[in-house]
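One structure below.
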Amino acid sequence: MSDAVRVGVVGLGYWGPNLARNFDRLPEAELAWICDGSDDQRERFAREFPDARATADLDDLLGDEDLDAVIVATPVPTHADLAVRVLEAGKACFVEKPLALSLEDAERVVAAAEKADRTLMVGHLLEYHPGLVRLGELASSGELGDIHYIYGNRLNLGKLRTNENALWSLGAHDISVVMSLAGEDPEDMRAVGESYMNPGVEDVVFAYLRFPSGLAAHLHLSWLDPHKERRFTVVGSKRMATFDDMAAENKLTIYDKGFDQDFRSYGEYIARSGDVMSPAVSNEEPLRIECRHFVECVRDGTEPRSGAASGLRVVRALETLQRSLDESARARAV
Ligand SMILES: NC(=O)c1ccc[n+]([C@@H]2O[C@H](COP(=O)([O-])OP(=O)(O)OC[C@H]3O[C@@H](n4cnc5c(N)ncnc54)[C@H](O)[C@@H]3O)[C@@H](O)[C@H]2O)c1
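This is the structure:
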């Protein structure tokens, strides 16, 4: 165990225990600390992770000279301040998504990572999903042709949050995927949404992103929906593809569908509906892959796939979409 990367997890609410479990099980890592301000959460998970030391105070982790990295899985408004403290203490830092609630805060974290020369990774989990990695390979290889448009549905009767809306909570995932499939940053972003459960906290958001190449994307994000959907549809000039994370198998499907020009006529298009196929993709848990990637980056000093640049791009897009959301709400109120 001597060359294992020693990590501590801060925040043992809904998501943090999943991270703790994965780091605990990775042979390349040692879960050395768990930390939560709540006595109940700490006591509950101290029983589940008896080899890790438990504390309410992040300073205990930061003062442990043998600790290599800290995982921040606390509510989003706390991310930036906690991550800066971790990095300034000379530890590598994994921050859950989104990196921060404003671009200014996200830049503060990135500057701290650069100054300390420590690894910073953001939990853009879907960038590690084998099905979406495969979809990205298909898109960049040209197999789908030019990508015309993408739409994503992230719907659920899910966790009702009050300190971030559906855009920041759910959209961070989809924006990271859409931007990596597009291979460029959006130039035009708009969003509308509605708050039904808590005033000023949008439960449902419809976002539109347009990229310089002409690629368009639409996201439907909601934690107030009867369906549980986690789906992307990619419409290319040659082929189309869907990724359905709720499917037990065959999560990725490629459709040889589209319009071909009929050269016997005067430029008319005829619909082509050919083969449908589902490439095999690994069913390894994406969270395990993500945690292992972080440990390898810390150990080898390599830049994470969802490192500072990815974290900043996603927060920049979220901030622009939030401005649009606010403007559309103000326009309605006039
Ligand atoms: N990757 C994913 O799919 C995914 C899914 C869910 C949540 N998340 C992310 O995980 C993070 C946590 O979300 P959650 O739903 O688990 O939140 P939560 O509110 O359920 O849990 C947060 C925990 O952090 C603790 N905490 C807060 N401030 C603290 C501090 N300063 N020191 C120690 N403990 C502190 C709280 O006591 C609480 O137990 C968020 O960033 C969220 O976006 C990611």
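Numbering of the sequence shown is given in this note's numbering, commencing with residue 852 and proceeding in unit increments.
Here a beta-carbon is modelled for each residue, glycine too, at the ideal position from N, C-alpha and C.
Nothing here was measured: the structure is a model prediction, and the numbers come from that model.
Which whole-angstrom value describes the C-beta separation of residue i and residue j, a residue pair presumed to lie in contact below a C-beta threshold of 8 Å?
i	j	result
Cys-944	Leu-938	5 Å
Ala-905	Gly-888	With a Cβ gap of about 12 Å, Ala-905 and Gly-888 do not count as contacting.
Val-861	Ala-924	7 Å
Ser-1157	Met-972	6 Å
Leu-1163	Ala-957	5 Å
Leu-1075	Met-1097	The Cβ separation is near 18 Å, so there is no contact.
Leu-1176	Val-1043	7 Å
Asp-1111	Asp-1126	Contact flag wrong, Cβ pair sits at about 15 Å.
Val-935	Arg-959	6 Å
Lys-1192	Tyr-1120	Residue 1192 is absent from the model: the chain starts at 852 and stops at 1185.
May I have the straight-line CA-CA distance separating residue i from residue j, to the nearest angstrom?
i	j	result
Leu-1021	Arg-1005	7 Å
Met-852	Pro-928	Only weak support is given to the placement of Met-852: the predicted model assigns it a pLDDT of 46, under 50, and the value that follows is read from those uncertain coordinates. Using only the alpha carbons, I get a separation of about 35 Å.
Gly-1034	Gly-993	13 Å
Arg-893	Cys-886	7 Å
Ile-998	Asn-1134	26 Å
Phe-896	Thr-1084	39 Å
Ala-1092	Glu-1053	30 Å
Asp-917	Leu-1172	41 Å
Gly-1118	Cys-1148	53 Å
His-1078	Leu-877	34 Å
Val-921	Asn-1016	26 Å
Val-1146	Ser-1116	59 Å
Val-1166	Gly-1087	27 Å
Asp-902	Glu-879	16 Å
Ala-855	Ser-1161	26 Å
Glu-1100	Ala-1182	44 Å
Ala-1206	Asp-875	Examination of residue 1206 is not possible in this model, given that the chain is present from 852 through 1185 alone.
Val-984	Ala-990	10 Å
Ala-931	Cys-1142	20 Å
Leu-950	Asp-1113	50 Å
Asp-891	Thr-970	31 Å
Glu-1038	Arg-1174	14 Å
Glu-965	Ala-1159	9 Å
Gly-1051	Ala-1058	17 Å
Ser-1073	Ala-1023	13 Å
Val-1185	Glu-1045	16 Å
Leu-1018	Ser-1179	14 Å
Thr-1153	Val-946	17 Å
Ser-1124	Gly-1109	7 Å
Pro-1130	Pro-1155	26 Å
Check the DSSP bridge columns for residue i and list the partner residues they point to.
i	result
Met-1040	Leu-1060
Gln-892	Looking at the DSSP assignment, Gln-892 forms no beta bridge with any residue, so it has no partner.
Cys-886	Val-861, Thr-906
Gln-1112	Tyr-1120
His-1071	Asn-1004, Phe-1057
Phe-945	Ile-922, Met-972
Asp-915	According to DSSP, Asp-915 bridges with nothing at all.
Leu-1103	Phe-1094
Ile-1140	Paired residue(s): none; Ile-1140 is not in a bridge.
Phe-900	DSSP, once it has assigned bridges, lists no residue as partnering Phe-900.
Met-1128	Ile-1105
Hey, would you say residue i sits closer than 8 Å to residue j, going by beta carbons?
i	j	result
Gly-982	Lys-948	no
Glu-1170	Leu-954	yes
Lys-1102	Val-1132	yes
Arg-1090	Ile-1105	yes
His-1144	Tyr-1002	no
Lys-942	Asp-968	no
Leu-976	Phe-1094	no
Leu-1189	Leu-933	Nothing in the structure corresponds to residue 1189, since the chain is present only between 852 and 1185.
Asp-1036	Leu-1070	no
Ala-1067	Tyr-1000	yes
Pro-926	Asn-1014	yes
Would you say residue i touches ligand 2, meaning its beta carbon is less than 7 Å from a heavy atom?
i	result
Cys-944	No copy of ligand 2 appears in this structure; the ligands present are ligand 1.
Does the region 1052–1068 come within contact of the region 1019–1036, defined as at least 3 CB pairs closer than 8 Å? yes
Three or more C-beta pairs below 8 Å linking the region 864–873 and the region 1136–1143: yes
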